[in-house]
Amino acid sequence: MDYLKAFVVGGLICVVGQILLDKTRLTSARILVLFVVAGCLLGGLGWYEKLVEFAGAGASVPLPGFGNALAKGVKKEIDENGFIGVLTGGFKSMAAGVGAAMLFSFLASQIFSAKEK
Amino acid sequence: MESSEKAKKQYQDMVEIYSPKSKIATDCLRAFLCGGAVCAFGQFLSNTYLSYTGSKETAGALTAVTLIFLTVLFTGLGVFDKFGKLAGAGSFVPITGFANAMSSPAIEFKREGLVMGIGAKMFTVAGPVIVYGCLASMVVGLFYYFLK
Numbered sequence: 000m001d002y003l004k005a006f007v008v009g010g011l012i013c014v015v016g017q018i019l020l021d022k023t024r025l026t027s028a029r030i031l032v033l034f035v036v037a038g039c040l041l042g043g044l045g046w047y048e049k050l051v052e053f054a055g056a057g058a059s060v061p062l063p064g065f066g067n068a069l070a071k072g073v074k075k076e077i078d079e080n081g082f083i084g085v086l087t088g089g090f091k092s093m094a095a096g097v098g099a100a101m102l103f104s105f106l107a108s109q110i111f112s113a114k115e116k
Numbered sequence: 000m001e002s003s004e005k006a007k008k009q010y011q012d013m014v015e016i017y018s019p020k021s022k023i024a025t026d027c028l029r030a031f032l033c034g035g036a037v038c039a040f041g042q043f044l045s046n047t048y049l050s051y052t053g054s055k056e057t058a059g060a061l062t063a064v065t066l067i068f069l070t071v072l073f074t075g076l077g078v079f080d081k082f083g084k085l086a087g088a089g090s091f092v093p094i095t096g097f098a099n100a101m102s103s104p105a106i107e108f109k110r111e112g113l114v115m116g117i118g119a120k121m122f123t124v125a126g127p128v129i130v131y132g133c134l135a136s137m138v139v140g141l142f143y144y145f146l147k
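Protein chains in written order, with numbering that gives the first Met the number 0: chain A, 0 to 116; chain B, 0 to 147.
Below is the structure:
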């Protein structure tokens, strides 16, 4: 059942992205930024977390889930360290993802060459 | 002559019936199926990691790292591009899009050098995501700090 929920909710979030891509002049890069920021603000209000509880990876794997993780991280950091958490929380909570992407991308650039297009 | 005209008309009617109503409907269907599949796979990873580690947060982070790893690998192999053409937003809205946005230029611009090639180009798309993501988190943080 949780697979079905993840599939449907995750799929629908992607459909929103596709409609934005086809119907507006937003590029994919802008949609990425928009989704992360939207997820962060919805996460700040505590709304996105309800969707994560319902759909699991269907809500946390798409980029709004990444934004939601930033909001969660900043709140946690403020609870633990006070005001400085406003600055450190978001960055800290994306560290694992961005760090992994940096490492793997660097290694990939050393192993693979660009394909002729 | 007459029969060929008729056949043409028939063919056109058939095209009308069987071709998708519009580009956006097909695009959305593909995005839904592919994006949904990525998320369902993420759910599988998350469940698996949860049963090993027992921590929801660790399982979530490991799921993201695994998806990022696979995306970078498939980007390097040139497979992700094809998936992207098929899936549209289904490929870049999940976390896979972020990983692809970093690895693809890193590979493409490596001939421009380690610093301004790989180092800088990796963040052409990921940079803005990080900047505005962090700024949004600070806005959330400020409200949270003063209103809690």
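Positions of the beta carbon are idealized from the N, C-alpha and C atoms, including for glycine.
8 Å Cβ cutoff, residue i in contact with chain B
{"i": "LEU86/A", "result": "yes"}
{"i": "GLY25/A", "result": "The identity of residue 25/A in the sequence shown is Leu, whereas the question assumes Gly. LEU25/A does not count as touching chain B."}
{"i": "TYR2/A", "result": "yes"}
{"i": "LYS114/A", "result": "yes"}
{"i": "PHE167/A", "result": "The question about residue 167/A has no answer, for chain A in this structure spans 0 to 116."}
{"i": "LEU50/A", "result": "no"}
Check: residue i C-beta below 7 Å from any heavy atom of the ligand GDP
{"i": "ILE94/B", "result": "The ligand content of the structure shown is nil, which means the ligand GDP is not present either."}
Chain A contact for residue i (CB, 8 Å cutoff)
{"i": "THR62/B", "result": "yes"}
{"i": "GLN137/B", "result": "Before going further, note that residue 137/B is Met rather than Gln in the sequence given. So, interface residue."}
{"i": "SER45/B", "result": "yes"}
{"i": "GLN42/B", "result": "yes"}
{"i": "LEU32/B", "result": "yes"}
{"i": "GLY112/B", "result": "no"}
Contact list for residue i against chain A, beta-carbon separation under 7 Å
{"i": "SER109/B", "result": "Note that residue 109/B corresponds to Lys in the displayed sequence, not to Ser. Simply SER108."}
{"i": "PHE82/B", "result": "Those do not exist, as PHE82/B stays about 13 Å from chain A at its closest Cβ, beyond 7 Å."}
{"i": "VAL92/B", "result": "ILE12, CYS13, GLY16, PHE34, PRO61 and LEU62"}
Where residue i falls, given that 16 or more other Cβ within 10 Å makes a residue buried
{"i": "THR51/B", "result": "Before going further, note that residue 51/B is Tyr rather than Thr in the sequence given. Exposed, by the Cβ-count rule."}
{"i": "ASP12/B", "result": "exposed"}
{"i": "LEU134/B", "result": "exposed"}
{"i": "THR62/B", "result": "buried"}
{"i": "ALA94/A", "result": "exposed"}
{"i": "ILE110/A", "result": "exposed"}
{"i": "GLU107/B", "result": "buried"}
Residues that residue i contacts on chain B, provided the C-beta gap is smaller than 7 Å
{"i": "LYS74/A", "result": "TYR143"}
Listed by chain order, chain A residues near residue i by CB distance under 8 Å
{"i": "TYR48/B", "result": "Under the 8 Å cutoff, chain A gives no residues; its nearest Cβ is about 11 Å from TYR48/B."}
Listed by chain order, chain B residues near residue i by CB distance under 9 Å
{"i": "GLY43/A", "result": "ALA135, SER136, VAL138, VAL139, GLY140, PHE142 and TYR143"}
Chain A contact residues for residue i, given Cβ-Cβ distances below 9 Å
{"i": "TYR51/B", "result": "Here the premise fails: no neighbours, minimum Cβ distance about 16 Å."}
{"i": "MET101/B", "result": "VAL97, ALA100, MET101, PHE103 and SER104"}
Note to self: Counting beta carbon pairs with one atom in the stretch 23-30 of chain B and one in the stretch 83-97 of chain B, are three or more of them shorter than 8 Å?
What the structure shows: Yes, the stretch 83-97 of chain B is in contact with the stretch 23-30 of chain B.
Check: Is the stretch 103-110 of chain A touching the stretch 93-107 of chain B, taking contact as three or more C-beta pairs under 8 Å?
Finding: Yes: at least three Cβ pairs fall under 8 Å.
Margin query: Does the structure place the stretch 17-26 of chain A close enough to the stretch 47-64 of chain A that three or more beta carbon pairs sit under 8 Å?
Written below: Touching, no.
Next item on the list: Pick out the complete beta strand (DSSP E) segments inside the stretch 13-81 of chain B, 3 residues or longer, and give them in chain order.
Entry: The beta strand (DSSP E) runs of length 3 or more contained entirely in the stretch 13-81 of chain B do not exist; there are none.
Check: Do the stretch 74-82 of chain A and the stretch 135-143 of chain B touch if we need at least three Cβ pairs shorter than 8 Å?
Finding: Result yes; three or more Cβ-Cβ pairs closer than 8 Å.
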